[in-house]
Amino acid sequence: MTCPTCPIKEREKLISLYDFLISGTKAKISPSSQEAGRRMKHIVKIITFLVAISSFWIGLLQTSILPCSYTWLLPIYFIVSLGCYGLLMVGVGLMRFPTCPQEAILLQQDIVEAREFLKQRGVDVGGSD
Amino acid sequence: MGKNENKNKYSIIVPTYNERLNIALIVYLIFKHLRDVDFEVIIVDDGSPDGTQDIVIQLQKVYGQDRILLRPRPKKLGLGTAYIHGLKHASGNFVVIMDADLSHHPKYLPSFIKKQLETGASIVTGTRYVKGGGVHGWNLMRKLTSRGANVLAQTLLWPGVSDLTGSFRLYKKSVLEDVISSCVSKGYVFQMEMIVRASRKGYHIEEVDLHFCIAMVCGCI
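Residue numbers (our numbering), protein chains in the order written: chain R, 65 to 193; chain S, 4 to 224.
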């Protein structure tokens, strides 16, 4: 038998997720003007961006600056460009991924030191390396 | 940083599951690097079958039950709820969350505390992706996943921090309580949601560069 409150719980979850996107007004500190810009409701930023892009595209369709056959394909080019940008950022990130092999050596020294100290005090720290 | 200068108390929440070999080492390193700071370590163990809790009891005899608090749960209930459980028992006005597997080295804790005292930040988060930070022991797949997740999240969420997937952080207790109460996700995405929500709420977030090492006690792999 299904619980009658389940749809309410699901609705609450959806409201929480929606709130996740739009929340930005409950700060307990008075943020600087620089932070206030960042706190502009996130959904508003996204909608503004999409409206601007759509307006530009519709404008191009109306004014026929470019041939219609090209203009109709612009959204596809835009999506492909975003995908390429994402792949480029991931690729650059991978190439420049910072590594620190020296930290492994320092950590091993810490582990040996910790084991010695704890063994003396009767703490079971497992077998040695 | 003497006790006279810093009157804050730090509650370090360490969720554990089958960390018998690591928990003693992480506790030792916390005590080694936080000499002049008032702190407590809250270990939230999700019913580890490997005897993690027995080791914690041994550690309590060495360091004292007032400094090491074991707050177990009957079974594995997830990371997010582990933080909530630990938070209930935290007596400090600042809370540090970190992993027990030695991937988060306690030597960075003084840097977190110093950064918070200097800037008055509500949250100080560790980042592996700025100059001075880094990782060791990650294969290509893990690097790809981490970078991919961060690029995707940065593009869609604009959180204002460089490392969203990291989970080594210092929070003002009141801020953590506020942020955690509005989180809905489960598992490891919980970390990402917490920092994004904090950013949305306008809290002051600072970053400290750190090295992330896949450690285990057998050595870095």
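Glycine residues also receive a C-beta, built at the ideal position from the N, C-alpha and C atoms. Source: prediction; values computed, not measured.
From the beta carbon of lysine 183/R, is the nearest beta carbon of chain S less than 7 Å away? The residue you call residue 183/R lines up with position 119 of the first sequence. No, lysine 183/R lies away from the interface with chain S (no Cβ there is under 7 Å from its Cβ).
Quick check: is the beta carbon of tyrosine 31/S nearer than 7 Å to any beta carbon in chain R? On the second sequence, residue 31/S is found 28 positions in, with the first residue counted as 1. Output row for tyrosine 31/S: interface = yes.
Between the CA atoms of serine 14/S and isoleucine 169/R - distance to the nearest angstrom: Residue 169/R sits at position 105 when you count from the first residue of the first sequence. Residue 14/S sits at position 11 when you count from the first residue of the second sequence. Going by the C-alpha atoms only, they are around 29 Å apart.
For threonine 84/S, name the three-state secondary structure that DSSP assigns. Within the second sequence, residue 84/S is the residue found at index 81, counting from 1. Correct three-state label for threonine 84/S: helix.
For leucine 152/R and tyrosine 141/R, I'd like the C-alpha separation in whole angstroms. For the purposes of this step, residue 152/R is taken as residue 88 along the first sequence, with counting starting at 1. For the purposes of this step, residue 141/R is taken as residue 77 along the first sequence, with counting starting at 1. Approximately 16 Å between the Cα atoms of the pair.
If we ignore side chains and look at the alpha-carbon of each, how far apart do valine 154/R and cysteine 164/R end up? One-based indexing of the first sequence puts residue 154/R at position 90. One-based indexing of the first sequence puts residue 164/R at position 100. About 20 Å.
Report buried or exposed for aspartate 104/S, applying the criterion of at least 16 other Cβ atoms within 10 angstroms of its Cβ. Within the second sequence, the letter at position 101 stands for residue 104/S. Answer is buried; the Cβ neighbour count reaches 16.
At a CB-CB cut-off below 7 Å, which residues of chain S make contact with proline 165/R? By one-based count along the first sequence, residue 165/R stands at place 101. In chain order: His139.
Tell me whether aspartate 39/S sits in a helix, a strand or coil according to DSSP, three-state version. The residue you call residue 39/S lines up with position 36 of the second sequence. DSSP places aspartate 39/S in coil when its eight states are reduced to three.
Could you name the residues that DSSP lists as bridge partners for lysine 12/S? Reading the second sequence from its first residue, position 9 is the one you call residue 12/S. Partner(s): Asp41/S.
Who does phenylalanine 97/S pair with in a DSSP beta bridge? Position 94 of the second sequence, counted from the first residue, corresponds to residue 97/S. In the DSSP output, where bridge partners are listed per residue, phenylalanine 97/S has Tyr13/S and Lys175/S.
How would you call valine 115/R, buried or exposed, if buried means at least 16 neighbouring beta carbons within 10 angstroms? Taking the first residue of the first sequence as 1, we reach residue 115/R at position 51. Flag for valine 115/R reads exposed.
Taking just the CA atoms, how far does proline 113/S sit from leucine 160/S? For this step, residue 160/S is matched to residue 157 along the second sequence. For this step, residue 113/S is matched to residue 110 along the second sequence. Between leucine 160/S and proline 113/S, the C-alpha separation is close to 30 Å.
Compute the Euclidean distance between the alpha carbons of arginine 102/R and arginine 203/S, then round it to the nearest angstrom. Here residue 102/R refers to the residue found at position 38 when the first sequence is read from its first residue. Here residue 203/S refers to the residue found at position 200 when the second sequence is read from its first residue. Only weak support exists for where arginine 102/R lies, its pLDDT of 46 falling under 50; the value from the coordinates is given anyway. Near 8 Å, if we compare the C-alpha coordinates of arginine 203/S and arginine 102/R.
Cutoff 7 Å: leucine 124/R Cβ touching any chain S Cβ: As a first step, residue 124/R must be located in the first sequence, where it is residue number 60. It does not: the Cβ of leucine 124/R has no partner Cβ on chain S nearer than 7 Å.
Taking the continuous alpha helix (DSSP H) assigned at valine 154/R, which residues delimit it? Position 90 of the first sequence, counted from the start, is the residue given in the question as residue 154/R. Element bounds for valine 154/R: 138 to 159.
On the DSSP letters alone, give me the boundaries of the alpha helix (DSSP H) that valine 138/S sits inside. Residue mapping note: residue 138/S aligns to position 135 of the second sequence, counting from 1. Counting along the chain, valine 138/S falls outside any alpha helix (DSSP H), though it belongs to the beta strand (DSSP E) covering 137 to 139.
is_contact[isoleucine 175/R, chain S] using C-beta, thresh 7 Å: Taking the first residue of the first sequence as position 1, residue 175/R is located at position 111. So yes, isoleucine 175/R belongs to the interface.
Does leucine 24/S have its Cβ less than 7 Å from a Cβ in chain R? Within the second sequence, residue 24/S is the residue found at index 21, counting from 1. By this cut-off, leucine 24/S is an interface position.
Unbroken alpha helix (DSSP H) run spanning isoleucine 58/S, endpoints: What you label residue 58/S is simply residue 55 of the second sequence in a count that begins at 1. That run of the alpha helix (DSSP H) goes 55 to 66.
Alpha carbons only, please: which of Ile129/R, Pro131/R, Thr135/R and Ile107/R is nearest the one belonging to serine 118/R? For the purposes of this step, residue 118/R is identified with residue 54 of the first sequence, where counting begins at 1. Out of Ile129/R, Pro131/R, Thr135/R and Ile107/R, Thr135/R has the C-alpha closest to the C-alpha of serine 118/R.
Between methionine 101/S and serine 133/R, what straight-line distance do the alpha-carbon atoms span, to the nearest angstrom? Residue 101/S sits at position 98 when you count from the first residue of the second sequence. Residue 133/R sits at position 69 when you count from the first residue of the first sequence. Straight-line Cα distance between these residues: approximately 56 Å.
Below 6 Å CB to CB, which residues in the same chain sit around lysine 110/S once its five sequence neighbours on both sides are set aside? Residue 110/S sits at position 107 when you count from the first residue of the second sequence. Correct list, in chain order: His36.
Spell out whether any CB of chain R is found under 7 Å from the CB atom of arginine 150/S. Position 147 of the second sequence, counted from the start, is the residue given in the question as residue 150/S. Yes - at least one Cβ of chain R is within 7 Å of the one on arginine 150/S.
Please return the same chain residues whose Cβ sits closer than 8 Å to the Cβ of cysteine 186/S, not counting the five positions on each side in sequence. Counted from its first residue, the second sequence places residue 186/S at position 183. Excluding residues within five positions, the ones whose Cβ falls inside 8 Å are Gly83, Phe193, Glu196, Met197 and Arg200.
Residues bridged to leucine 160/S [DSSP beta-bridge criterion]: Locating residue 160/S in the second sequence gives position 157, where the first residue counts as 1. In the DSSP output, where bridge partners are listed per residue, leucine 160/S has none listed.
Starting from the Cα of valine 156/R, find the closest Cα among Leu173/S, Lys79/S, Leu147/S and Ser94/S and give me that residue. As a working mapping, residue 156/R is identified with position 92 in the first sequence. Of the candidates Leu173/S, Lys79/S, Leu147/S and Ser94/S, the one whose C-alpha sits nearest the C-alpha of valine 156/R is Leu147/S.
For a quick check, are the C-beta atoms of valine 40/S and leucine 62/S less than 7 Å apart? To locate residue 40/S, count along the second sequence from 1; it is residue 37. To locate residue 62/S, count along the second sequence from 1; it is residue 59. The answer is no: Cβ separation not under 7 Å.
In whole angstroms, what separates the C-alpha of proline 77/S from that of valine 17/S? If you number the second sequence from 1, residue 77/S lands on position 74. If you number the second sequence from 1, residue 17/S lands on position 14. Their Cα atoms are separated by approximately 16 Å.
So, does the CB of lysine 146/S fall closer than 7 Å to a CB anywhere in chain R? On the second sequence, position 143 is the one that residue 146/S refers to. Yes, lysine 146/S lies at the interface with chain R (some Cβ there is under 7 Å from its Cβ).
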